[in-house]
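What follows is a short report on a single structure.
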Amino acid sequence: MRGLRRFAIFLLFVTIFAASVLADFEITEIVYRPSDKEYVEVFTGSYQNLSGFLLADLALRNKTKDNLTEFQVRQSAYALIIADGFNFTGFNATPFSSSIYTVKAGIGAGLNDGGDSVFLFFPNESLAAEMNYMNSIGANGDGNSLQLINGTWRAAPPTPGLQNQAPKEVPPPPPPAENIVLSRQVSDLLYTNVSYTNLFHIEIEQKSCSEKDNVTIAYTIRDAEGALAKNTTFTKEVGCNTGAATGSFTPPSAGNFTLCGEVVESTVPEENFADNALCFSLAVLDPATISCDVGLTLAIENNLFFDEGESIRFTPLSNTTFPFRIEYWIEDLFGRVVKPKVTTTNSNQKSWTAQSPEQDRVYFLKAQLYPACRDQNLSDNAAEKMLIVLQDSLSLTNEASADKPSSITITEITPAEPRFGDLLQVKLDITKGTTSKYAVSLWAESKGRKISAETKIHLREEDTGYSLTLPVQLLPKCTSDPQDATLVIEGLGVRAEKLFTVDEEDGTFCSEEDSASNAAIEERGTSADSSPDFSFRLLDLPPSPTAGELLPISIFLQGDAEPHAYEAWSYLYRGSKCYSCRDNTVSREQLLQSGTLEPFEEKILVFQLPVDKEMEDGDYSLKVKLRKDAQKTVKELTETVRIEASLPLEKGNTNAGESATSSFTGNSFQEISSDSSGVIVYESNTAKAQALTPIVLLVTIGLLALVLLRK
Numbered sequence: 010m011r012g013l014r015r016f017a018i019f020l021l022f023v024t025i026f027a028a029s030v031l032a033d034f035e036i037t038e039i040v041y042r043p044s045d046k047e048y049v050e051v052f053t054g055s056y057q058n059l060s061g062f063l064l065a066d067l068a069l070r071n072k073t074k075d076n077l078t079e080f081q082v083r084q085s086a087y088a089l090i091i092a093d094g095f096n097f098t099g100f101n102a103t104p105f106s107s108s109i110y111t112v113k114a115g116i117g118a119g120l121n122d123g124g125d126s127v128f129l130f131f132p133n134e135s136l137a138a139e140m141n142y143m144n145s146i147g148a149n150g151d152g153n154s155l156q157l158i159n160g161t162w163r164a165a166p167p168t169p170g171l172q173n174q175a176p177k178e179v180p181p182p183p184p185p186a187e188n189i190v191l192s193r194q195v196s197d198l199l200y201t202n203v204s205y206t207n208l209f210h211i212e213i214e215q216k217s218c219s220e221k222d223n224v225t226i227a228y229t230i231r232d233a234e235g236a237l238a239k240n241t242t243f244t245k246e247v248g249c250n251t252g253a254a255t256g257s258f259t260p261p262s263a264g265n266f267t268l269c270g271e272v273v274e275s276t277v278p279e280e281n282f283a284d285n286a287l288c289f290s291l292a293v294l295d296p297a298t299i300s301c302d303v304g305l306t307l308a309i310e311n312n313l314f315f316d317e318g319e320s321i322r323f324t325p326l327s328n329t330t331f332p333f334r335i336e337y338w339i340e341d342l343f344g345r346v347v348k349p350k351v352t353t354t355n356s357n358q359k360s361w362t363a364q365s366p367e368q369d370r371v372y373f374l375k376a377q378l379y380p381a382c383r384d385q386n387l388s389d390n391a392a393e394k395m396l397i398v399l400q401d402s403l404s405l406t407n408e409a410s411a412d413k414p415s416s417i418t419i420t421e422i423t424p425a426e427p428r429f430g431d432l433l434q435v436k437l438d439i440t441k442g443t444t445s446k447y448a449v450s451l452w453a454e455s456k457g458r459k460i461s462a463e464t465k466i467h468l469r470e471e472d473t474g475y476s477l478t479l480p481v482q483l484l485p486k487c488t489s490d491p492q493d494a495t496l497v498i499e500g501l502g503v504r505a506e507k508l509f510t511v512d513e514e515d516g517t518f519c520s521e522e523d524s525a526s527n528a529a530i531e532e533r534g535t536s537a538d539s540s541p542d543f544s545f546r547l548l549d550l551p552p553s554p555t556a557g558e559l560l561p562i563s564i565f566l567q568g569d570a571e572p573h574a575y576e577a578w579s580y581l582y583r584g585s586k587c588y589s590c591r592d593n594t595v596s597r598e599q600l601l602q603s604g605t606l607e608p609f610e611e612k613i614l615v616f617q618l619p620v621d622k623e624m625e626d627g628d629y630s631l632k633v634k635l636r637k638d639a640q641k642t643v644k645e646l647t648e649t650v651r652i653e654a655s656l657p658l659e660k661g662n663t664n665a666g667e668s669a670t671s672s673f674t675g676n677s678f679q680e681i682s683s684d685s686s687g688v689i690v691y692e693s694n695t696a697k698a699q700a701l702t703p704i705v706l707l708v709t710i711g712l713l714a715l716v717l718l719r720k
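Reading the sequence shown from the start, the letters are residues 10 to 720 in our numbering.
See the structure below:
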């Protein structure tokens, strides 16, 4: 009985001792990369001989484990486990003070570089200690080891067989100092009377390009005798570097000049000012004293034929050795300018959107070169190219195939009692049959004479119903008596009329003298205006248009005693943003109209401004611009227009009798295509002689086609 009690006490002692021993084993450091320096450090609490212990990684945990063999014995609380072939380079200078044990081949199957687990077992294969790691902790071949420091694994410089220590925090090196470098941008050779605007190149080293700094440069320019030609400063906003708009110089005469520049102020925290100043020489020649032979050619895509609305791209080509100026413009077959003269000093590619209202048109692209040097041969300084713009092929369809009739009905005229000068809104129901005709014209007339501008639209889809509202601008007329009038709409091979009465003008445009003069003109049966001044004015505006609609604008032109070429355009804006530019997909001049106003001629230009859909309620500005005779000065009119917001409209095709929502006034309609300008203007009798233009044009194109076919 006493022996049994002694055995129980002994067994309890062994169990407690074994538990205390197990509690002392802890893996405290490992190196898993590179493979020839892998080791595992074990803390034993006091010296423990680990001969016969077993080691494994995750791959060999449940397989044959590595047996620890004694390599070096030291009275230490730490033990190192290495593999045969361990690379001691770098460790020999400080001999290990701990015991060392080896395993054959490698630690486990070779510690995984991406992450692994390490297990230490007693000789009886019971677990003594373990640890897990991921390479995201660190020590992934960077010279560090993974160490257990204050209960947390972290990367630190290796301490094999010694107590682990947190690495000392090394403050990051200060960022490199920013430095401004000023250098030359302008070329060595300059020419007189040419403006050079890129003199310097400014670079800020060692900085973020997204951050902007202000740099102020002071510079002087002196001639060969030291006389001051320029002394000024400029301030430039710079990211990393820039050479644009960095000072300017227009050499007044030939000779040698010296340009000196210096950074005098900046927001850059620099310490090195050695690169902040420089001087260099400039040689200036007078090109007018240099003989040359330069010419001009026009390179154009597609050579001859273009579709309406197509972008025609062309490039003026000339010798760029000397400064030059090129003027280019576009005329129609009769010499009328359809694109005004533009001056350029480079040979970059230019473009023009082809326009061909109603029929095919012949245009001529013309250019004139003005070199700065003394050109010995002026015969090649002008160039031109013929352009043939083709109208939609629908206009050439054989109308004999039409088998469904078209119809037009005028349903309502607003206002019901209009005055001269008012803008009428005419509601229409139109059914287009299977006809190739597509143009529809609307106007008002009285006593056989037109008393309004002519509004014209194109209806392309055959066998389709349209329900829409069109604007008609009545001409201002100084009269005191109501007048019977007829509203006429004609097109698609049919004609519709509706009688209405026009009341006297409300006094906006007329005085008593105007009324008397107008009555006299009416009596003589002529519409000529004896006013001596060229003028233009904006007629009535519709009240509060809705976003997404077309805003009709009417401009009244009054000629004087001389003929005048004109260009007019209009757009809607607020601040710097255009709200009639189809969400900035077209330019503000998209609806530009041009033509000639004959002596004492009256003309009304009608613009259909496409008001953008995504607009808020509020006041917007309407701008009307007019250029007369290609003058640089443009006349302007500005009015305030209130726009009402509208939800986006759904657009879809409809059959005859069906319709979608109209972009004119909220009524329903099918999609309507129009000329590039969007309008047809009213012209007085003095301009009607131009009606023969289409016939002459068709004959010309026919002859041209015949010549091409014979070739």
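Idealized CB from N, CA, C, for every residue including glycine.
Do the CB positions of residue i and residue j come within less than 7 Å of each other?
i, j, result
"glycine 147", "arginine 42", "no"
"glutamine 385", "aspartate 302", "yes"
"valine 273", "threonine 225", "yes"
"alanine 494", "alanine 448", "no"
"alanine 118", "alanine 165", "no"
"leucine 396", "tyrosine 372", "yes"
"serine 455", "glutamine 492", "yes"
"glutamine 640", "leucine 548", "no"
In the DSSP assignment, find the unbroken beta strand (DSSP E) run with residue i in it and report its ends.
i, result
"tyrosine 582", "573-583"
"methionine 143", "136-143"
"tyrosine 588", "Note, tyrosine 588: premise wrong, no beta strand (DSSP E); not H, not E."
"asparagine 188", "188-193"
"phenylalanine 105", "That residue, phenylalanine 105, is in no beta strand (DSSP E); it is neither H nor E in DSSP."
"methionine 395", "391-399"
"aspartate 66", "63-66"
"leucine 89", "87-92"
"proline 184", "Counting along the chain, proline 184 falls outside any beta strand (DSSP E), and DSSP gives it neither H nor E."
"alanine 494", "492-500"
"isoleucine 299", "Note, isoleucine 299: premise wrong, no beta strand (DSSP E); not H, not E."
"serine 154", "154-158"
Leaving out five residues before and five after residue i in sequence, what residues of the same chain have Cβ atoms less than 8 Å from its Cβ?
i, result
"lysine 72", "Ala65"
"aspartate 295", "Tyr200, Thr201, Ser262, Ala263"
"threonine 647", "Ser630, Leu631, Lys632, Val633"
"asparagine 265", "Asp232, Ala233, Ser290, Leu291, Ala292, Val293"
"alanine 58", "The sequence given here places asparagine at residue 58; alanine does not occur at that position. Contacts found: Glu79, Val82, Ser108."
"leucine 120", "Ile39, Tyr41, Arg42, Ser44, Glu47, Asp66, Val127"
"asparagine 159", "Ala175"
Who are the Cβ neighbours of residue i in its own chain at under 6 Å, not counting the five residues just before and after it?
i, result
"asparagine 250", "Glu212"
"isoleucine 116", "Glu47, Ala92"
"aspartate 638", "His573, Ala574"
"valine 112", "Leu64, Asp75, Ala92"
"serine 553", "Arg651, Glu653"
"isoleucine 710", "Asp369"
Per DSSP, residue i is paired with what?
i, result
"lysine 441", "Thr473"
"arginine 231", "Leu237, Thr267"
"phenylalanine 565", "Arg546, Ile613"
"glycine 604", "Tyr575"
"isoleucine 652", "Gly627"
"threonine 362", "Ser320"
"glycine 124", "Met143"
Using a Cβ-Cβ cutoff of less than 7 Å, which residues in the same chain neighbour residue i once the five nearest sequence positions on both sides are dropped?
i, result
"valine 82", "Ser108"
"asparagine 662", "Low local confidence applies: a pLDDT of 40 at asparagine 662 is under 50, so the model's placement there is unreliable, with the coordinate-based value given in what follows. Nothing meets the Cβ criterion."
"phenylalanine 505", "The displayed chain sequence assigns alanine, not phenylalanine, to residue 505. Ile417, Thr418, Ile419, Ile498, listed in sequence order."
"serine 320", "Ser360, Thr362"
"glutamate 735", "In this structure the chain extends from 10 to 720, so residue 735 is not present and cannot be described."
"threonine 103", "Reliability fails at threonine 103, whose pLDDT of 48 lies under 50, so the model's placement of it is uncertain and the value that follows must be treated cautiously. Excluding residues within five positions, none has a Cβ falling inside 7 Å."
"glutamate 571", "Pro608"
Task: Stretch-stretch touch, CB-based, cutoff 8 Å, three pairs: the stretch 381-393 with the stretch 342-351 - done: Too few Cβ pairs lie closer than 8 Å, so no.
Open item on the list: Three or more C-beta pairs under 8 Å: does that hold for the stretch 439-452 against the stretch 498-510?
Closed with: yes
Task: Cβ contact (3+ pairs, closer than 8 Å) linking the stretch 352-367 and the stretch 333-344 - done: yes
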